[in-house]
Amino acid sequence: RPRVGSRAQGRSAILEKFGGAAKGPAPHLRRSGGAATVKTMLLEWCRARTRGYAVSVALGGGRRVQCGAWGVLTPVSAQHVDVQNFSGSWGSGLAFCALLHSFFPDAFDFAALEPNARRENFALAFATAEERAGCAPLLEVEDMVRLPVPDAKCVYTYVQELYRCLVAKGLVKTKKR
7 RPRVGSRAQG RSAILEKFGG AAKGPAPHLR RSGGAATVKT MLLEWCRART
57 RGYAVSVALG GGRRVQCGAW GVLTPVSAQH VDVQNFSGSW GSGLAFCALL
107 HSFFPDAFDF AALEPNARRE NFALAFATAE ERAGCAPLLE VEDMVRLPVP
157 DAKCVYTYVQ ELYRCLVAKG LVKTKKR
C-alpha cells in the first residue's frame, strides 16, 4: 500500500468534510476588472487631463503670425490633442506635453509647441516629467521619433509610471480601498 503524505491527507480530509472539490469559482467571489480595466481607466484619465488642449497651425504650413497694427492673423487651424489609444495619439509628442502641462502649467508654453517638431516635443515632455514629477526616463526621444507611430506598450508603461509618480507627489488623488 503506497504511503500518503500528511499534506495529501490534509487535503483529503478537507475535501471529505466539505463535500468534494469545488466546481468553478466561488459564487460570492467575482473577478474584478484586471489589466484591461486598468488600461481603460488610464486612457480615460489621459483623455480627461488633455481635453481642450490644441496648438494653432497656419494653413500655409507655417506658424501663426500677427500682421500689421490691427493684429490680423494669417489663416490658422487648430490641431487638437485627441487621445484615443496608446499608440498613434502620442506620435507628435503633443499628448505627452498636454498631459504634463495640465499638472505643471508654468513649466513651458504649450501654445508655442509645433506638431511637426516631434523631437523637441518628446524632449520637452520627458525632461519635464523627470524634473517635475520625478518620473524615470523609461523612453528615449530617439526611439520615439524613429517610428511614425509609437509602440503602444512602451507608451502605456511610461504613462503608468508617470501616473504612479504623480500619485506619489500627491498631485493625483486615488480612491482608498
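Quick note: the sequence shown uses the working numbering, first residue 7, plus one each step.
Using N, Cα and C, we set each Cβ at its ideal position, and we do this for glycine too.
{"query": "Are there three or more Cβ pairs, one per stretch, closer than 8 Å when the stretch 96 to 114 is compared with the stretch 43 to 50?", "result": "no"}
{"query": "Please classify residue 108: does DSSP put it in a helix, a strand, or coil?", "result": "helix"}
{"query": "For residue 185, is the classification buried or exposed, using 16 other Cβ atoms within 10 angstroms of its Cβ as the cut-off for buried?", "result": "This structure leaves residue 185 out entirely; the chain is present only between 7 and 183."}
{"query": "One question on the structure: do residue 134 and residue 118 come within less than 9 Å of each other, judged by their Cβ atoms?", "result": "no"}
{"query": "With burial defined as no fewer than 16 other Cβ atoms inside 10 Å of the residue's Cβ, what is the status of residue 111: buried or exposed?", "result": "exposed"}
{"query": "In terms of residues, what are the limits of the alpha helix (DSSP H) holding residue 45?", "result": "41 to 56"}
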